[in-house]
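Protein chains in written order, with this note's numbering: chain C, 1 to 493; chain G, 494 to 986.
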């Protein structure tokens, strides 16, 4: 399969025109949102896919920024022929509220003071971050996302999307994430925050006019980095190899092992590309994220309103966001009769695998996104018959339209029953004259977003060969038949 | 079983009279060693058990120091009726070289300058630490340890004992440890060191006249503490419970969750009882510990000289020193035909289980220590016959002494063969006259420290009913018989 990059891209900026009410009472105005888009929005505006980045990520998910040495952080997944296929989807990624990559955050200028917010930045939550994304999508005219996808912290935004705007998400793909942080996850975040606030250069968050708390932030990143790798991947990557030397340094402050140099390098490097206060705000939002409202709801209750279909992805060697957390989420979704698939990526990379295992990730995501729905193969110009019609009308309609199943609808267009050729012949035999006497009232139906597997299972279970497709109001909008399903399967093989 | 405390104990101090040559060339004089002892040294000085403490431990392993609120750190294991039974063993625990609990370390006064060493303290290794322990034992007149036991970092000292002084250790019990640190373990240590050296108060190790690097050291301890607990035990202990509040603080520098308060408390507390420079020196010694000499030997080759019998204990939920590291050690020992048992403690406590799982720990250690050896049941006043003796001499000796097996020894007393009553009767039948003609020359032997299971297995495998017990020079010092083994087993049941 051809897999290409989206090529050169440019980060754009959206200014939210109004002041926003944040979850915890504060208000915030002049919010700027950095975002990138790849692919074309179709005219129905139904092919938008929102990508949510991880803690240290940004809006630049795919393609190449001008003059950059590296492509976007998820370029392996975004582009023509990849899972987030830009020939099909309009992919959007925006930097989160509270971040430091173009979207308003603690390092932004507070318009009221003309100085950076620092610790004056209001307390923000994952719900607030999703609200800001929603406003961006509204500005792009997108009412409903085809899919929302994100790993790690980004996966929490995916979940919040399904809770805040259940009608606006068709497919949700939370990856290597959890519905709420474990005490161990909180502990690692707390140590990271503590490293930053213990650095005198942090200066209570007021450091933008001078040197940042480089030692604290790099330490926080080093701690994080350990948790992103598996024990096994560290064995493979570093072992006990020394860095550029054959002998130990016998020096208490020198790095000896490659793993030390690697962590130091990435820690120090992080300081150049991330803001310490953003680290505090975002990790605290992660710790607080809890759809169960401090355990007052079960996780199943918390997801009661969710409407999306889910693909939950976890990683076998991820010990920071272990698979059991994904399984707990899956169980809660199943308890709500939500259509959910769970895929555990087999990888030794640990948490970072969601950025690295391009083969498995592309396969899992693309086969989920391109899964055929009832809407894709249903007969749209479905012939119905009015409840007031006669049996002769029904027989005539079947003959002229060449169908064997006629949904019977009320004057308002709602499904009232179904009548088949077999019912008509029964009426002739038994001398019935009213449609009501022969039609089946308890009709099994299908919905346009159902995967075809579900419709096929339903037809098989009930030994019927067609299902009316109804919308949420009960209006018949199409018909799916076993012939249609069988044609598709035949074509695929 | 009666399990008691050893009662009030006092830390003692030993001053090494000479200057010591350290592994990496430095010399160190005026070394003081803090230690405690529990129980009585027997007159053969053969019942000494050395306990090696973990990173933040000290010499106070058992009993109660005067006025203390807590007993020694391993009081659950040390005392009358416990695994390290002070009615049987003379238990010794000393603070390591480089520590800060009474043994000379970076916080000690450098006699040459009259000021604390700080970073002027020489570079020390685990081998140096063991050397210092050896000098302490020499001063107590102990040539051979009955056992050396230790968990975590202490387990590395146990291993080093078996390498530095193979003749001086009868039984070795390394617990929740490894033969060399993994890159992940090095990474956590490095982040801890980095936290300390990033604290401006650290002042390149020169802080003894003023405030210590409290923030850095407490941060290092917080990181360590996370690694000592399992994910599951943190769920059980903390969950997402808030600390003394019903609502989040919405404050970036406040603790909200119990797990945060717990870590902060223990981190800050640690500063009062531990020296930051000791933390640097000891963790670096841990990272460098590597009997394979940077991979130039296999682990099996590294343990070629080890003589002790091993009980290797690991903990099922320990992710800092995972069981696979103990298994690797066990495989290396087995490759050297060393007598080794591996016991995996089933626990959810994580690494800390070696301090907490008193039931399983006591059982595993005591059943290993009290395991019956050949020496315990061998016949000591064994009758032998000289190689120059006649068959009639042999027959007469068997009759008068009431034995069926006679070891045949050379003029120097070395085992040359064995002759049995059955051999004598064979000689009569075949008219042999010389002992050499009828004795078996390839004699299976046993050693006094062998567990009786090994001797019993040997007798069974070779279909014989007695084994001469020989010392290292091949001299016969006793005899073990299947009757003796069977009597013991009968008595136990």
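Every residue, glycine too, gets a C-beta built ideally from N, C-alpha and C.
For residue 344(C), the secondary structure class from DSSP, reduced to helix, strand or coil, is strand.
In the three-state reduction of the DSSP assignment, residue 570(G) falls in the coil class, being assigned neither a helical nor a strand state. Proximity of residue 517(G) to chain C, defined by a Cβ-Cβ separation below 8 Å, is satisfied. For residue 147(C), the secondary structure class from DSSP, reduced to helix, strand or coil, is strand. Take the alpha-carbon of residue 326(C) and the one of residue 284(C): they are about 21 Å apart. Interface flag for residue 649(G) against chain C is unset, since no Cβ pair is found closer than 8 Å. For residue 439(C), the three-state secondary structure derived from DSSP is coil. Proximity of chain C to residue 797(G) at the Cβ level (cut-off 9 Å) is not reached, the minimal Cβ distance being about 20 Å. Contacts between residue 761(G) and chain C, judged by CB atoms closer than 9 Å, are missing: the closest CB pair is about 11 Å apart.
Here DSSP, grouped into helix, strand and coil, assigns residue 725(G) to helix.
CA-to-CA, the gap between residue 747(G) and residue 823(G) works out to about 46 Å. As computed with DSSP, residue 910(G) is found in a beta bridge with 901(G). For residue 909(G), the CB contacts under 8 Å within the same chain, skipping 5 residues up- and downstream, are 880, 901, 902, 903, 932, 934 in chain order. Straight through space, the alpha carbons of residue 975(G) and residue 677(G) are spaced by roughly 50 Å.
Bridge pairing for residue 775(G): absent [DSSP]. Taking C-alpha positions only, residue 915(G) is separated from residue 866(G) by approximately 29 Å. For residue 184(C), the nearest CB of chain G lies under 8 Å from its own CB, placing it at the interface with that chain.
Taking residue 576(G) as the centre and dropping the five residues before and after it, the same chain places the C-beta of 570, 855, 858, 859 closer than 6 Å to its C-beta, in chain order. Taking a 10 Å sphere around the C-beta of residue 197(C), we find 16 or more other C-beta atoms and assign the residue as buried. For the region 164-218 of chain C, the continuous alpha helix (DSSP H) assignments of 4+ residues that do not extend past its boundaries occur at 183-198, in sequence order. Contact of residue 282(C) with chain G is not assigned, every C-beta pair being separated by 8 Å or more. When C-alpha distances from residue 369(C) are compared across 151(C), 223(C), 88(C), 153(C), the shortest belongs to 88(C). Around residue 289(C), no beta-carbon contact reaches into chain G at under 9 Å, the shortest distance being about 11 Å. Residue 345(C) places its beta carbon 8 Å or farther from that of residue 377(C). The continuous beta strand (DSSP E) containing residue 974(G) extends over residues 969-974. Interface annotation, residue 226(C): in contact with chain G, CB-CB separation under 8 Å. In the pairwise beta carbon analysis, the region 678-688 of chain G is classified as touching the region 208-228 of chain C: at least three pairs are separated by under 8 Å. Secondary structure at residue 877(G): coil, using DSSP grouped into helix, strand and coil. Exposure of residue 518(G) is indicated by the presence of fewer than 16 other C-beta atoms within 10 angstroms of its C-beta.
Between the C-alpha atoms of residue 926(G) and residue 657(G) there is a straight-line separation of about 51 Å. Looking only at 929(G), 891(G), 874(G), the smallest Cα-Cα distance to residue 972(G) is reached by 874(G). Taking a Cβ-Cβ cut-off of 7 Å, the neighbours of residue 239(C) in chain G comprise 676, given in sequence order.
A Cβ of chain G is located within less than 8 Å of the beta carbon of residue 180(C).
Counting along the chain, the unbroken alpha helix (DSSP H) around residue 130(C) starts and ends at 126-139.
For residue 129(C), the nearest beta carbon of chain G is not closer than 8 Å to its own beta carbon. Judged by DSSP in its simplified three-state form, residue 364(C) adopts helix.
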